[in-house]
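J.: Sequences listed follow chains A and B, in order. Residues 1 to 254 (this note's numbering) make up the first sequence, in order. Residues 1001 to 1254 (this note's numbering) make up the second sequence, in order. Even for Gly, the Cβ is constructed at its ideal location relative to N, Cα and C. Being a predicted model, the structure only gives us computed values, none of them experimental.
Number of protein chains: 2
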Amino acid sequence: MTSDKIVTACLLIIGSEILSGRTQDANLAFIAKGLNEVGVRLREVRVIPDVAETIIAAVNETRAKFDYVFTTGGIGPTHDDITSECIARAFGVRWALNEEARRRLAAGYANPADLNEARLRMAHVPEGAVLIDNPVSRAPGFRIGNVFIMAGVPRIMQAMFDGIKHGLAGGAPVLSRTVTSGLPEGVLAEGLGKLQERYPDFDIGSYPYYRRGGYGTSLVARGTDAERLAAIVEALFALIRELGGEPYEGDPPA
Amino acid sequence: MTSDKIVTACLLIIGSEILSGRTQDANLAFIAKGLNEVGVRLREVRVIPDVAETIIAAVNETRAKFDYVFTTGGIGPTHDDITSECIARAFGVRWALNEEARRRLAAGYANPADLNEARLRMAHVPEGAVLIDNPVSRAPGFRIGNVFIMAGVPRIMQAMFDGIKHGLAGGAPVLSRTVTSGLPEGVLAEGLGKLQERYPDFDIGSYPYYRRGGYGTSLVARGTDAERLAAIVEALFALIRELGGEPYEGDPPA
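(1) Taking residue 166 of chain A as the reference, which of A/22, A/89, A/40 has the closest Cα?
(2) Between residue 104 of chain A and residue 138 of chain A, how many whole angstroms is the CB-CB distance? I'm expecting something under 8 Å.
(3) May I ask you to verify whether the segment 217-226 of chain A touches the segment 176-188 of chain A, counting CB pairs closer than 8 Å and requiring at least 3?
(4) Compute the beta-carbon to beta-carbon distance between residue 1173 of chain B and residue 1037 of chain B, rounded to the nearest angstrom, for a pair I have assumed lies under 8 Å.
(5) Taking the DSSP output, what are the residues bridged to residue 10 of chain A?
(6) Could you name the residues of the segment 1067-1097 of chain B whose beta carbon sits closer than 7 Å to any beta carbon of chain A, in the order they occur along the chain?
(7) Could you list which residues in chain B have their beta carbon closer than 9 Å to that of residue 60 of chain A, in chain order?
(8) Exposed or buried, what is residue 162 of chain A when buried is set at 16 or more other beta-carbons lying within 10 Å of its beta-carbon?
(9) Should residue 212 of chain A go down as buried or exposed, given a rule of 16 or more other Cβ atoms within 10 Å for buried?
(10) Quick check for students: name the residue ranges of the beta strand (DSSP E) that lie wholly in the segment 1041-1125 of chain B, counting only runs of 3 or more.
(11) Residues in the segment 1242-1254 of chain B with C-beta within 8 Å of chain A's C-beta atoms, listed in sequence order?
(12) Which two residues bound the contiguous beta strand (DSSP E) that contains residue 1172 of chain B?
(13) Leaving out five residues on either side along the sequence, give the residues of the same chain with a beta carbon under 8 Å from the beta carbon of residue 135 of chain A.
(14) Pick helix, strand or coil for residue 140 of chain A, following the three-state DSSP scheme.
(15) In its own chain, which residues sit with a C-beta less than 7 Å from the C-beta of residue 1077 of chain B, not counting the 5 before and 5 after it?
(16) Between which two residues does the beta strand (DSSP E) harbouring residue 208 of chain A extend?
(17) Taking all protein chains shown into account, do 16 or more other C-beta atoms lie within 10 angstroms of the C-beta of residue 197 of chain A, making it buried, or fewer, making it exposed?
(18) What in chain B is Cβ-close to residue 16 of chain A, meaning under 7 Å?
(19) Would you kindly work out how many angstroms separate the C-alpha atoms of residue 1069 of chain B and residue 1176 of chain B, rounded to a whole number?
(20) Per the DSSP calculation, residue 1148 of chain B is bridged to which residue(s)?
(21) When burial is assigned at 16 or more other CB atoms within 10 Å of the CB, is residue 223 of chain A buried or exposed?
(22) In the structure shown, what three-state DSSP assignment does residue 2 of chain A receive?
(23) Does the structure place the segment 1043-1056 of chain B close enough to the segment 1010-1018 of chain B that three or more beta carbon pairs sit under 8 Å?
(24) Tell me, please, which residues DSSP counts as bridged to residue 132 of chain A.
(25) Quick one: is residue 1 of chain A near chain B, going by C-beta distance under 7 Å?
See below:
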């Protein structure tokens, strides 16, 4: 059973390396698709630097505004890894050693001395936080309130997210279907606008593409009702044919 | 000559297709690197949906907070292209046909009837806006106040951005150098933290990597003073050698 409530989420990508252009974010699309599956709508993403005041303000603003907040990045052992402490400050709780986290970290080092002071920082979490398992490199993420703190390294983030995804209380999964043709957006626009008016509970998006093989437009309908979605796809086929195009379902060839 | 003032920017990526995970953003890194070159610091990126109230609120919040705001997406001819109207509402000015924009658009159509009502929307801009040239597909972007409105299609956005970049009043260009070694972050952390304390005017970031060929950490120093940057690179080499690693300048092999 699914509910009609719309459940929303925000993703905070914490990392100066993304803002400098050095690193291309690889987490947004993965999280967005995973949230679709469990019926949670990603409504905003912010990329912010490793600056304490900025992180604290963003966490407090967004956790009040969205059902769920996810963060990636800034939970390693170095001086620029300040996410975890900032979350504690945002929630107004102590940032303290978590014995279970320490145990998990320690299990990764043959020599106990290797669990040095810097690495022990990764075993500190805000008081009251629940650990998120890290099957890749042990140092856990955590959840506190409606905020989920995850690693920035994609392989680790993905393992963490897959572990928590099915515990989220989402609404109906978001379904989407794509219809493509070689017609330009400007020709489709009028009919498309009318179709959107007829289906206000759906998002109908229009995405032009330019490829070596030619150009055209992909039309994407997104919503929760499969039958109404099928009717929209049928209407898109009819619209494209009426305008002299050749519709097909799916994205254009790469 | 460069000034010491720090000039900041925010990028608003407008497009539900990014938030749904359908489309991977390809504009952030390009704009970030371009801004580095002209001494403007990208301090925040937000990805927001094609929802009028959200766009208007984000534009008004960020244009007050940063020196420059750039937007990508939502300036095409279809019903979901609402960025331009929203900018007019954010600035409290009329959204009106711009004769020069209409002329540029019209030049692209052999048959005047092809410049239909939907396409004419792309010739409307907020009153007082200055057009940004679009050498790829004619429909212009525009600037109003400290806000620059650009297309979302990467090829078009890049052409628009290259046209305006050198008109921005930036500070000193941001320089960066990278030193990599096979040492893990947890071993480097202590020395790195001390180095950061000695150079508070620099950002020293630590980025672990995991590749088929092994793992390690890249250390990236970013700031405006080339001589101090060289001293940091020297200190990073010394630190890594002291810890038993083999430093080299640059990113790890892909």
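T.: From the atom records:
(1) From the listed residues A/22, A/89, A/40, the smallest Cα separation to residue 166 of chain A is found for A/40.
(2) The pair is a contact, with the Cβ atoms about 5 Å apart (cut-off 8 Å).
(3) Enough Cβ pairs lie closer than 8 Å, so yes.
(4) Distance from residue 1173 of chain B to residue 1037 of chain B at the Cβ level is roughly 6 Å; contact confirmed, criterion being Cβ atoms closer than 8 Å.
(5) In the DSSP secondary-structure assignment, residue 10 of chain A is bridged to A/44, A/69.
(6) Listed by position along the chain: 1076, 1077, 1078, 1079, 1080.
(7) Residues of chain B passing the Cβ test: none, with the nearest at roughly 15 Å.
(8) Exposed, since its Cβ has fewer than 16 Cβ neighbours within 10 Å.
(9) Exposed.
(10) You should have 1068-1072, 1095-1097.
(11) Those would be none; no residue qualifies.
(12) Annotation for residue 1172 of chain B: no beta strand (DSSP E) segment contains it, and DSSP assigns it neither H nor E.
(13) Cβ neighbours of residue 135 of chain A beyond the five flanking positions: 159, 163.
(14) Three-state DSSP puts residue 140 of chain A in coil, outside helix and strand.
(15) In chain order, 1118, 1119, 1121, 1122 place their CB closer than 7 Å to the CB of residue 1077 of chain B, counting only its own chain and leaving out the 5 sequence neighbours on each side.
(16) 203-211 is the span of the beta strand (DSSP E), which, as asked, contains residue 208 of chain A.
(17) With fewer than 16 neighbouring CB atoms inside 10 Å of its own CB, residue 197 of chain A falls in the exposed class.
(18) Listed by position along chain B, the residues whose Cβ is nearer than 7 Å to that of residue 16 of chain A are 1203, 1205.
(19) The straight-line gap from Cα to Cα measures roughly 23 Å.
(20) In the DSSP assignment, residue 1148 of chain B forms a beta bridge with B/1070, B/1143.
(21) When all chains shown are included, residue 223 of chain A counts as buried.
(22) With a pLDDT of only 46 at residue 2 of chain A, under 50, the local geometry of the prediction cannot be trusted, and no value is derived from it.
(23) These segments touch.
(24) Residue pairing for residue 132 of chain A: DSSP places it in a beta bridge opposite A/141.
(25) In this predicted model, residue 1 of chain A has a pLDDT of only 40, less than 50, meaning its place in the structure is not dependable enough to derive any value.
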